[in-house]
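Worksheet: one structure, shown below.
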Amino acid sequence: MAHVLSLRVLLSAETNRSSFSSKSLKLDKRTKTSISAPRKGNLNPSHKTQKVNLEISPHRAVSAVRLMRIEMGGAFADLLNEKGKGSGANEMGYVGRTLGFRTRDLEDRDLRLVTDIVGGTIRWKRYLDHLISSLCHDANTFTRMEPLLLQILRIGFYEIIKLDMPPYAVVDENVRLAKVALRHGAGNMVNAILRKLVLHMENSSLPLPKLEGDDRTQARALATLHSHPVWMVRRWTKHLGQEEAIRLMMWNNSDPSFSLRANSGKGVSRADLVTKLDVLKVPYELSFYLNDFVRMKTGLQMVIQAGLLKEGLCSVQDESAGLVVSVVDPQVGESIVDCCAAPGGKTLYMASLLSGQGMVHAVDINEGRLRILKETAKLHQVDGVITTIHADIRTFSDNNTMKCDKVLLDAPCSGLGVLSKRADLRWNRKLEDMEQLKNLQDELLDAASLLVKPGGVLVYSTCSIDPEENEERIVAFLLRHPDFCIDPIGRYVPPDFVTEHGFYFSNPVKHFLDGAFAARLSRAI
Numbered sequence: 000m001a002h003v004l005s006l007r008v009l010l011s012a013e014t015n016r017s018s019f020s021s022k023s024l025k026l027d028k029r030t031k032t033s034i035s036a037p038r039k040g041n042l043n044p045s046h047k048t049q050k051v052n053l054e055i056s057p058h059r060a061v062s063a064v065r066l067m068r069i070e071m072g073g074a075f076a077d078l079l080n081e082k083g084k085g086s087g088a089n090e091m092g093y094v095g096r097t098l099g100f101r102t103r104d105l106e107d108r109d110l111r112l113v114t115d116i117v118g119g120t121i122r123w124k125r126y127l128d129h130l131i132s133s134l135c136h137d138a139n140t141f142t143r144m145e146p147l148l149l150q151i152l153r154i155g156f157y158e159i160i161k162l163d164m165p166p167y168a169v170v171d172e173n174v175r176l177a178k179v180a181l182r183h184g185a186g187n188m189v190n191a192i193l194r195k196l197v198l199h200m201e202n203s204s205l206p207l208p209k210l211e212g213d214d215r216t217q218a219r220a221l222a223t224l225h226s227h228p229v230w231m232v233r234r235w236t237k238h239l240g241q242e243e244a245i246r247l248m249m250w251n252n253s254d255p256s257f258s259l260r261a262n263s264g265k266g267v268s269r270a271d272l273v274t275k276l277d278v279l280k281v282p283y284e285l286s287f288y289l290n291d292f293v294r295m296k297t298g299l300q301m302v303i304q305a306g307l308l309k310e311g312l313c314s315v316q317d318e319s320a321g322l323v324v325s326v327v328d329p330q331v332g333e334s335i336v337d338c339c340a341a342p343g344g345k346t347l348y349m350a351s352l353l354s355g356q357g358m359v360h361a362v363d364i365n366e367g368r369l370r371i372l373k374e375t376a377k378l379h380q381v382d383g384v385i386t387t388i389h390a391d392i393r394t395f396s397d398n399n400t401m402k403c404d405k406v407l408l409d410a411p412c413s414g415l416g417v418l419s420k421r422a423d424l425r426w427n428r429k430l431e432d433m434e435q436l437k438n439l440q441d442e443l444l445d446a447a448s449l450l451v452k453p454g455g456v457l458v459y460s461t462c463s464i465d466p467e468e469n470e471e472r473i474v475a476f477l478l479r480h481p482d483f484c485i486d487p488i489g490r491y492v493p494p495d496f497v498t499e500h501g502f503y504f505s506n507p508v509k510h511f512l513d514g515a516f517a518a519r520l521s522r523a524i
């Protein structure tokens with residue numbers, strides 16, 4: 000919520016908790032070049048930065064640069080500023096420094112294409128790279144391909160295969176971009192490879208793997224066909240079965256929907272929010288599950304540009320996250336601890352339900368994000384019931400005698416439930432992360448339990464769909480803490496979200512929401 004309006008925060012408010020460290024994306028072998036450094040064959044950017052090239056389509060130039068930034072460690076969600084017109088202070092500044100020239104400014108249609116192409120190209124990266132590699136002259140051509148050239152090819156393949164754009168227009172535009180941004184020979188390579196793709200498309204003969212052989216071979220094929228890491232495919236096939244795993248990957252590759260929460264803390268009702276959306280002619284549907292929420296597939300940029308977020312009238316928050324707050328069930332006058340609070344989506348929602356009486360103690364290790372949370376609380380007019388505490392909850396609970404009515408631990412996790420929104424996360428997660436996360440989650444649960452008063456409630460939640468991060472963590476916790484027991488959540492959320500063990504679980508394929516989990520645990524009196 001950096002000023003509450005940047006998508007860097009709006010999208011990360013419920014998905015960035017999945018990052019258990021602040022490490023940026025691991026780099027591809029090809030992405031060792033500085034994004035600002037001139038590349039071989041480029042003209043010196045200092046000579047061309049101020050020139051505007053009207054022959055290059057701006058959406059392709061901007062998409063290529065954003066994809067470069069993401070692979071080199073940039074935040075996937077850092078796409079729009081408050082005007083919805085670019086990332087950071089100067090979108091074309093990035094383009095100029097990277098490509099050596101500028102294009103005309105982005106129009107709304109261009110911006111929609113950039114959003115689609117960047118998100119789609121990242122989602123389908125494994126699939127696209129398989130096809131590009133297959134259509135190269137030899138394997139070395141692909142492995143040695145410079146980063147910008149690869150991004151241009153990925154864009155071209157995505158536009159032809161997934162966006163169904165006119166093939167020869169795509170070829171011509173991307174060839175021109177490669178020639179101007181790199182060199183003539185790079186344009187020739189783009190021309191040859193894209194024309195091979197067009198021929199295979201016309202003959203319905205894309206070189207894709209067949210789903211056959213043993214389990215390992217099928218997992219590799221599915222990983223390519225649905226563009227996910229092999230380890231995720233094998234894990235989901237084991238837990239869910241192949242058919243359900245395929246449906247989950249299809250969901251992850253679909254265009255994400257977003258939900259808006261009317262800010263009741265500021266006196267804004269859902270009816271008020273709907274009136275604003277009607278004026279903007281933004282399509283929406285009312286949430287089936289939560290009275291303050293509306294769901295939308297398109298139009299988020301219009302909401303941002305209209306200032307609804309900047310004015311604090313609403314927040315971007317998935318219904319699955321809102322249902323976690325329902326599990327907490329904040330009541331007027333209660334004291335609540337949010338243990339890993341930043342960037343604060345659940346903190347703000349809980350505070351809005353206290354009607355000005357009670358306190359949410361927002362604890363987080365990141366001081367900068369806590370400062371943003373504090374500013375947002377003022378904007379939402381709930382700062383009177385939020386106290387921010389800069390601390391690691393593990394040391395804080397050891398050194399304090401605070402005991403509260405309710406404690407929420409929205410734990411750092413793999414984020415495997417939010418892969419539709421966080422297209423980059425699938426490539427940033429490794430199998431070995433899971434063991435580290437489980438250990439961290441156990442430590443945080445033990446620490447959070449110390450803050451619960453006798454007769455109080457501890458809620459553990461994640462945005463993961465993995466049982467090892469969810470049910471198994473609760474089973475292990477209860478063995479270590481016999482003074483806690485499961486409080487079935489059937490009273491707090493619709494029955495469709497209640498598991499056989501009394502936990503909350505949002506299934507992306509079943510509920511068309513982000514994946515999420517929550518357990519409500521009561522401490523003995």
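Here numbering that gives the first Met the number 0 is used: the first residue of the sequence shown is 0, the next is one more, and so on.
Note that CB positions come from ideal geometry on N, CA and C, so glycine has one too.
Item, Value
"Hey, out of GLY343, VAL281 and LEU312, whose CA is closest to GLY266's CA?", "LEU312"
"Can you tell me the Cα-Cα spacing of ARG153 and ARG59, whole angstroms?", "11 angstroms"
"Do you know offhand how far SER268's Cα is from ALA376's?", "18 angstroms"
"Tell me which same chain residues have a C-beta within less than 7 angstroms of the C-beta of VAL229, skipping the five on either side of it?", "ALA218, ARG219 and ALA222"
"In the DSSP assignment, what are the bridge partners of TYR283?", "According to DSSP, TYR283 bridges with nothing at all."
"Would ASN251 and LEU418 qualify as a contact pair, given that the criterion is a beta-carbon distance under 8 angstroms?", "yes"
"If you draw a straight line from the C-alpha of PHE502 to the C-alpha of VAL197, how long is it?", "50 angstroms"
"Using alpha carbons as the reference points, say which of MET433, VAL362, ILE69 and LEU134 lies closest to ARG421.", "ILE69"
"So what's ALA361 in DSSP terms, helix, strand or just coil?", "strand"
"Could I get the ranges of all uninterrupted alpha helix (DSSP H) runs contained in the region 425 to 485, with 4 residues as the minimum, in chain order?", "430 to 448 and 470 to 479"
"Where does the unbroken beta strand (DSSP E) through ALA261 begin, and where does it stop?", "257 to 261"
"Under three-state DSSP, which class holds ILE385?", "strand"
"In or out: GLY332 buried (at least 16 other Cβ within 10 Å) or exposed?", "exposed"
"Quick check on this structure: which residue in ARG122, MET349, THR387 and LEU352 has the alpha carbon closest to the alpha carbon of ASP363?", "THR387"
"If MET301 and LEU279 are in contact, beta carbons under 8 angstroms, what's the gap, nearest whole angstrom?", "5 angstroms"
"Sort out for me which residues DSSP pairs MET295 with in a bridge.", "PHE257"
"How about ARG425: is its Cβ closer than 7 angstroms to a heavy atom in the ligand FAD?", "Because no ligand of any kind appears in the structure shown, any question about the ligand FAD cannot be addressed here."
"So, with DSSP's three-state summary, where would you put ILE55?", "coil"
"Kindly give me the distance between the Cβ atoms of CYS403 and VAL451, rounded to whole angstroms, as I take these residues to be in contact under 8 angstroms.", "7 angstroms"
"Return the residue from the list LYS124, GLU366, LEU66 and LEU98 that minimises the CA-CA distance to ILE55.", "LEU98"
"If ILE335 and LEU407 are in contact, beta carbons under 8 angstroms, what's the gap, nearest whole angstrom?", "7 angstroms"
"Please determine, among VAL508, PRO487 and ASN506, the residue with the shortest C-alpha to C-alpha distance to HIS500.", "PRO487"
"Looking at ALA517: is its Cβ nearer than 8 angstroms to the Cβ of SER460?", "yes"
"For LEU408, which three-state DSSP category applies?", "strand"
"Where PRO411 and MET433 are concerned, what is the direct C-alpha to C-alpha distance, given to the nearest angstrom?", "11 angstroms"
"Please state whether DSSP places TYR503 in a helix, a strand or coil.", "strand"
"For ASP337, which three-state DSSP category applies?", "strand"
"Which residue marks the beginning of the beta strand (DSSP E) containing ARG522, and which one marks its end?", "515 to 522"
"Between LEU149, ARG125 and THR346, which has its C-alpha nearest ALA63's C-alpha?", "LEU149"
"Would you mind reading off the limits of the alpha helix (DSSP H) that contains VAL179?", "166 to 180"
"From GLU468 to ARG182, what does the alpha carbon distance come to, in whole angstroms?", "49 angstroms"
"Which one of GLY95, LEU322, SER325 and LEU162 has the shortest CA to CA distance from PRO52?", "It is worth fixing the name first, because residue 52 is Asn in this sequence and not Pro. Residue GLY95 is the option with its Cα nearest to ASN52."
"Since VAL315 is in the beta strand (DSSP E), which residue starts that stretch and which ends it?", "313 to 315"
"Which residues bound the alpha helix (DSSP H) around LYS209?", "That residue, LYS209, is in no alpha helix (DSSP H); it is neither H nor E in DSSP."
"Under 8 angstroms between the Cβ atoms of GLU90 and VAL117?", "no"
"I need the DSSP call for SER45, collapsed to helix, strand or coil.", "Here the model assigns SER45 a pLDDT of 41, short of 50, so the residue's position is not dependable and the matter cannot be decided."
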